[in-house]
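Student:
Numbering (the numbering used here), first residue to last: 837 to 1126.
1. For the 8 Å Cβ check, are there 3 or more pairs between the region 996 to 1011 and the region 900 to 913?
2. So, with DSSP's three-state summary, where would you put residue 1061?
3. Pick helix, strand or coil for residue 1110, following the three-state DSSP scheme.
4. Ignore the nearest five residues each way along the sequence and tell me which others in residue 1004's own chain have a CB closer than 6 Å to its CB.
5. Just list the alpha helix (DSSP H) runs in the region 927 to 1010, keeping only unbroken ones of 4 residues or longer that don't cross its boundaries, in chain order.
6. Does the contact criterion of 3 or more C-beta pairs under 8 Å hold for the region 839 to 854 versus the region 1067 to 1080?
7. Taking the continuous alpha helix (DSSP H) assigned at residue 1038, which residues delimit it?
8. Below 8 Å on the Cβ atoms is my guess for residue 851 versus residue 1055; work out the distance and round it to an integer in Å.
9. I think residue 1091 touches residue 856, with their Cβ atoms under 8 Å apart; what is that distance to the nearest whole Å?
10. Along the chain, which unbroken stretches of the beta strand (DSSP E) at least 3 residues long are found entirely within the region 870 to 934?
11. So is residue 791 buried or exposed if we call it buried at 16+ other beta carbons inside 10 Å?
12. Would you tell me roughly how many angstroms separate the C-alpha atoms of residue 858 and residue 1058, rounded to the nearest one?
13. So, helix, strand or coil for residue 860, using DSSP?
14. Please classify residue 837: is it buried, with 16 or more other beta-carbons within 10 angstroms of its beta-carbon, or exposed?
15. Which stretch, first to last residue, makes up the alpha helix (DSSP H) that contains residue 1091?
16. Between the alpha carbons of residue 873 and residue 864, how many angstroms are there, rounded?
17. I need the DSSP call for residue 1050, collapsed to helix, strand or coil.
18. Measuring CB atoms only, is the region 958 to 967 touching the region 1031 to 1038, in the sense that at least three cross pairs come out at less than 8 Å?
19. Looking only at its chain, what residues have a beta carbon closer than 6 Å to the beta carbon of residue 881, apart from the 5 residues adjacent to it on each side?
20. Ordered along the chain, which non-local residues of its own chain (more than five positions away) have a Cβ less than 7 Å from that of residue 934?
21. Please say whether residue 1095 and residue 866 have beta carbons closer to each other than 9 Å?
22. For residue 1069, which of 1108, 1018, 928, 1097 has the nearest alpha-carbon?
23. Give a yes or no on whether the C-beta atoms belonging to residue 1015 and residue 898 are separated by under 9 Å.
24. My guess is that residue 1002 and residue 1081 are in contact by the Cβ rule of under 8 Å, so how many angstroms apart are they, rounded?
25. Shortest alpha-carbon distance to residue 1029 belongs to which of 849, 953, 871, 920?
26. Between residue 1021 and the rest of its own chain, which residues show a CB-CB distance below 7 Å, the 5 nearest in sequence each way excluded?
27. Could you tell me which of 1026, 895, 1120, 900 sits nearest to residue 878, measuring between CA atoms?
28. So is residue 1077 in contact with chain B if we call contact Cβ pairs under 9 Å?
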């Protein structure tokens, strides 16, 4: 029984780690490939990876269930819309504020969990979620303040990204209650996402520039992201959204650690120490709560 109770947390941690690793791998290709084209390759690689192994996990009858429609609905806005809102936020407000505001995703997830899934928010969960959000926000803080040279409505861009990222969780969970197949959930949502991303890419008049080895990093990142999504969906299948969402949101800590130890792109600052302390404390509270 104890092993089962910790299973969602383990899958959520695995998802956070793999997502952070995919970000680091994707960064290896940014200096050699167009970011928008690379993002399309990333989503495409995820979808292709799911389809390659679909015969081992998927039955034809799955496509005739209402759950398939719910999974497709998520694909309409995540990751295509949420990612584009985040990119627009970075362009207008810079990465610091965008990252800080996007850290509110667990708060939106908590609201959805209480309103849509009838979950109960306990004090340990509330404090743990607050710790994770605060930790991620601290990681985005830069001394000296930020001069506002952008319209106030631009705040809606990163908040919108956080909202849509969180909104996908309860919809996936409702679908999984009817059809408990995490792999199928990822397959459908990312197939729809690839279509949405490709249409947006063409609508914006973009074309692929000359392919080079840099795009291969985006493809590898896409495969890692696919495994991350499968882990996340499995966590949502067995656990509560209130417990899973804050743990998944701790991926920036893994990004910092890998950036320092493996990719040599991070330095240890007071923000790093505070971030790790707050996030780890928050995750511990979420995991051990009764």
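Ideal Cβ placement from N, Cα and C applies to all residues, glycine included.
Just so we're clear, the structure is a prediction, and the values are computed from it rather than from any experiment.
Tutor: Taking the structure as given:
1. With three or more CB-CB distances shorter than 8 Å, the region 996 to 1011 counts as touching the region 900 to 913.
2. Secondary structure of residue 1061 (DSSP, three-state): helix.
3. Look at residue 1110 here: in three-state DSSP terms it is helix.
4. So the qualifying residues of the chain are 910, 914.
5. Entirely contained in the region 927 to 1010, the alpha helix (DSSP H) runs reaching 4 residues are, in chain order, 931 to 938, 941 to 952, 959 to 976.
6. These segments touch.
7. DSSP places residue 1038 inside the alpha helix (DSSP H), whose first and last residues are 1018 to 1039.
8. Approximately 20 Å separates the beta-carbon atoms of residue 851 and residue 1055; this is outside 8 Å, ruling out the contact.
9. The C-beta separation of residue 1091 from residue 856 comes to about 4 Å, placing the pair in contact by the 8 Å criterion.
10. Counting only runs of 3+ residues, no beta strand (DSSP E) is found wholly inside the region 870 to 934.
11. No information on residue 791 is available, as it lies outside the stretch 837 to 1126 that the chain covers here.
12. Going by the C-alpha atoms only, they are around 7 Å apart.
13. Helix, per DSSP.
14. Residue confidence is low: residue 837 scores 39 on pLDDT, short of 50, so the model does not pin down where it sits. Its coordinate-derived value is still stated next. When all chains shown are included, residue 837 counts as exposed.
15. Segment 1087 to 1097, the alpha helix (DSSP H) holding residue 1091.
16. If you take the alpha carbons of residue 873 and residue 864, they lie about 15 Å apart.
17. Residue state, collapsed to three classes: helix.
18. Because the criterion of three Cβ pairs below 8 Å is not met, the region 958 to 967 and the region 1031 to 1038 do not touch.
19. Answer for residue 881: 1055, 1058, 1059, listed in chain order.
20. So the qualifying residues of the chain are 922, 925, 926, 994.
21. When the beta-carbon positions are compared, residue 866 and residue 1095 stay at least 9 Å from each other.
22. For the residues 1108, 1018, 928, 1097, the minimum Cα distance to residue 1069 belongs to 1018.
23. The answer is yes: Cβ separation under 9 Å.
24. For a cut-off of 8 Å, the C-beta gap from residue 1002 to residue 1081 is around 7 Å, short enough to register as a contact.
25. Its Cα nearest to that of residue 1029, the residue 920 stands out among 849, 953, 871, 920.
26. Excluding the 5 residues flanking it on each side, residue 1021 has same chain C-beta neighbours closer than 7 Å at 907, 1008, 1011, 1012, 1069, in chain order.
27. Looking at 1026, 895, 1120, 900, the one whose alpha-carbon comes closest to that of residue 878 is 1026.
28. Chain labels in this structure do not include chain B; a single protein chain is all it has.
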